[in-house]
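Engineer: Quick note, in UniProt numbering, the sequence shown goes up one by one and the last residue is 426.
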Amino acid sequence: MEFTEAYKQTGPCCFSPNSRYVAAAVDYRLVIRDTFSFKVVQLFSCLDKISFIEWALDSEYILCGLYKRPMIQAWSLTQPEWTCKIDEGPAGIAYARWSPDSRHILTTSEFQLRLTVWSLLNTACVHVQWPKHGSRGVCFTKDGKFAAICTRRDCKDYVNLLSCHSWEIMGTFAVDTVDLADIEYSPDDSALVIWDSALEYKVLIYSPDGRCLFKYQAYESGLGVKSVSWSPCGQFLAVGSYDQMLRVLNHLTWKTFAEFMHLSTVRAPCCAAVFKEVDEPLHLGMSELSLSEEFLQGNSDAAEEPYRVRYEIMEVPISLPFQKPQADKPNPKQGIGVMSWSNDSQYIYTRNDSMPTTLWIWDIHHLELAAILVQKDPIRAAAWDPTCTRLVLCTDGSCLLLKDRDLFCCAAMPLLPESSEYSSDE
1 MEFTEAYKQT
11 GPCCFSPNSR
21 YVAAAVDYRL
31 VIRDTFSFKV
41 VQLFSCLDKI
51 SFIEWALDSE
61 YILCGLYKRP
71 MIQAWSLTQP
81 EWTCKIDEGP
91 AGIAYARWSP
101 DSRHILTTSE
111 FQLRLTVWSL
121 LNTACVHVQW
131 PKHGSRGVCF
141 TKDGKFAAIC
151 TRRDCKDYVN
161 LLSCHSWEIM
171 GTFAVDTVDL
181 ADIEYSPDDS
191 ALVIWDSALE
201 YKVLIYSPDG
211 RCLFKYQAYE
221 SGLGVKSVSW
231 SPCGQFLAVG
241 SYDQMLRVLN
251 HLTWKTFAEF
261 MHLSTVRAPC
271 CAAVFKEVDE
281 PLHLGMSELS
291 LSEEFLQGNS
301 DAAEEPYRVR
311 YEIMEVPISL
321 PFQKPQADKP
331 NPKQGIGVMS
341 WSNDSQYIYT
351 RNDSMPTTLW
361 IWDIHHLELA
371 AILVQKDPIR
381 AAAWDPTCTR
391 LVLCTDGSCL
401 LLKDRDLFCC
411 AAMPLLPESS
421 EYSSDE
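1) Could you give the residue range of the beta strand (DSSP E) that holds Trp195?
2) Can you give me the C-alpha to C-alpha distance between Trp130 and Tyr185, rounded to a whole angstrom?
3) Just the Cα atoms here: how many angstroms apart are Cys212 and Val309?
4) Which same chain residues end up closer than 6 angstroms to Leu223 when comparing Cβ atoms and leaving out the 5 residues on each side of it in sequence?
5) What span of residues does the beta strand (DSSP E) with Val225 cover, start to end?
6) Verify the CB distance criterion: does Val338 have a CB-CB separation below 8 angstroms to chain D?
7) Do you know how far the Cα of Ala411 is from the Cα of Ser99?
8) Examine the Cβ distances between the stretch 379 to 386 and the stretch 360 to 368 and report whether three or more of them are shorter than 8 angstroms.
9) Phe111 by DSSP, collapsed to three states: which one?
10) Given a threshold of 16 other Cβ atoms within 10 Å of its Cβ, counted over all protein chains shown, does His104 qualify as buried or as exposed?
11) Using DSSP bridges, identify the partner residues of Glu312.
12) Are Val274 and Met339 close, meaning C-beta to C-beta below 8 angstroms?
13) Ignore the nearest five residues each way along the sequence and tell me which others in Phe236's own chain have a CB closer than 6 angstroms to its CB.
14) Three Cβ pairs or more, each shorter than 8 angstroms: is that satisfied between the stretch 84 to 95 and the stretch 56 to 73?
15) Secondary structure at Pro90, three-state DSSP: helix, strand or coil?
16) Quick one, which of Ser16, Ile348, Leu400 has its alpha-carbon nearest Phe260's?
17) Would you list the residues sitting across from Ser16 in a DSSP beta bridge?
18) Tell me the residue span of the beta strand (DSSP E) that contains Cys399.
19) So, with DSSP's three-state summary, where would you put Asp34?
20) Are residue 479 and Ile379 close, meaning C-beta to C-beta below 8 angstroms?
21) Suppose you measure from the CA of Asp182 to the CA of Glu280; what does that come to, to the nearest Å?
22) My assumption, with CB atoms under 8 angstroms, is that Glu54 sits in contact with Leu47. Please give the rounded CB distance.
23) Return the chain-ordered list of same chain residues with a C-beta closer than 7 angstroms to the C-beta of Asp396, the five sequence neighbours on each side being excluded.
24) Over the uninterrupted beta strand (DSSP E) stretch that includes Phe236, give me the two end residues.
25) So, helix, strand or coil for Ser319, using DSSP?
26) When the distance is taken between beta carbons, is Pro232 closer than 8 angstroms to Ser345?
27) On a CA-only basis, which of Ser51, Cys139, Phe36, Val22 is nearest Leu43? Give me that one, please.
28) Counting C-beta neighbours from all protein chains within 10 Å, is the total for Arg33 16 or more, i.e. buried, or is it exposed?
29) Spatial neighbours of Gly240 within its chain, please: CB distance less than 6 angstroms, with the 5 preceding and 5 following residues excluded, ordered by chain position.
30) Less than 8 angstroms separating the beta-carbons of Pro17 and Leu57?
31) Drop a sphere of 10 angstroms on the beta-carbon of Glu426, count the other beta-carbons inside from all chains shown, and report buried for 16 or more, exposed for fewer.
32) The beta strand (DSSP E) with Arg267 in it runs from where to where?
33) For Ser190 and Leu161, I'd like the C-alpha separation in whole angstroms.
Quick look at the structure:
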């Protein structure tokens, strides 16, 4: 891997959707660098410290959340003199996001009083009262023509369908949830999946016109759904639960066809490859070097012996690191909290939060466990390569952004033989 220089940052950093730019917050300033040369191409000064940044889908605009004010500022890369400032006044701003057309900004006020759609074309704004959540409960069709916004009034959850052209409400229907957690369109926009909070196990499939197509409940009297994800092909719906199981539904009958358990001990028969991260000391052959006694005394508390990281293939049975959740605290660290499909929908990785150092990779075509990765430290994030079935822990794509408290840098991933034509700007 090749690494760039380290650059200063004091807040969020992220790549643009077209991978041509990387944005970094440095106190009040927003620094835009080109990902080929890493030279600064634009520098914008905000009115306060930047708490949040998000690129528009066309990579032409970028918004900055100044949540201490609270205020949103938006900038244009092609028109540096253009600027936009959104101030909700006493209502405040809890969250902001771009619309699919990259010409509207959606903001949610504090206490979910209203969601406002702000136009960058004619300065018009549209209000939707009582949004259910701040950062969740909003999704768009893949063609960007319609939006589904969850609201709550009179102790009941509703879904409002809006046209992204006029931002008029096209229809509203009530949903059979106790406390709606989130909503997501299927990849072909033919269905909406809605799931309830952790206190009620309920997954609901609705048509866009408000008909309930299926209601799924795996069990009762226990913490329920923790994560939900459509496969890219749209044929599978994965549901991760607090009972440490992954269940997969098909799109034809909405019935469960696979259930995968995450046990702390893996026993035979198991065809999965188990990789464990280990440290291997580096023997540098320093015996022939002549070092002064003064140098050795001055470095008696020097760094530890250098080592390199490698993976060992383990045999089953094997016991995986397990953390028992604390029963007296809310939101226990257990269940399937992280999962993601590969681009070809053949594999899905999962992380059981009570085993945070272990990543499970499941083969959906063969309905079996394909591999287990056991890391030394907890896995914060993982992502599939968008061009092939290659998995990267904690980062994404062909260029990786590595960040600590004060600095960030980028690393270039080596290309696999079968993806040699792939370039970082695709």
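No residue lacks a Cβ here, since even glycine has one placed at the ideal position from N, Cα and C.
Structural biologist: Short version:
1) 192 to 196
2) 21 angstroms
3) 51 angstroms
4) Ala198, Tyr242
5) 225 to 230
6) This model lacks chain D altogether; it includes just one protein chain.
7) 30 angstroms
8) no
9) helix
10) buried
11) Lys276
12) no
13) Val248
14) yes
15) helix
16) Ile348
17) BP columns for Ser16 are empty, so no partner.
18) 399 to 403
19) strand
20) The structure shown does not extend to residue 479, since the chain spans only 1 to 426, so no value can be given for it.
21) 44 angstroms
22) Contact doesn't hold; Cβ gap of about 18 angstroms is too wide.
23) Ala383
24) 236 to 241
25) strand
26) yes
27) Val22
28) buried
29) Lys226, Ser227, Leu246, Ile336, Met339
30) yes
31) Residue confidence for Glu426 is low, a pLDDT of 34 falling below 50, so the modelled location carries little weight and cannot support an answer.
32) Element bounds for Arg267: n/a, residue is neither H nor E.
33) 14 angstroms
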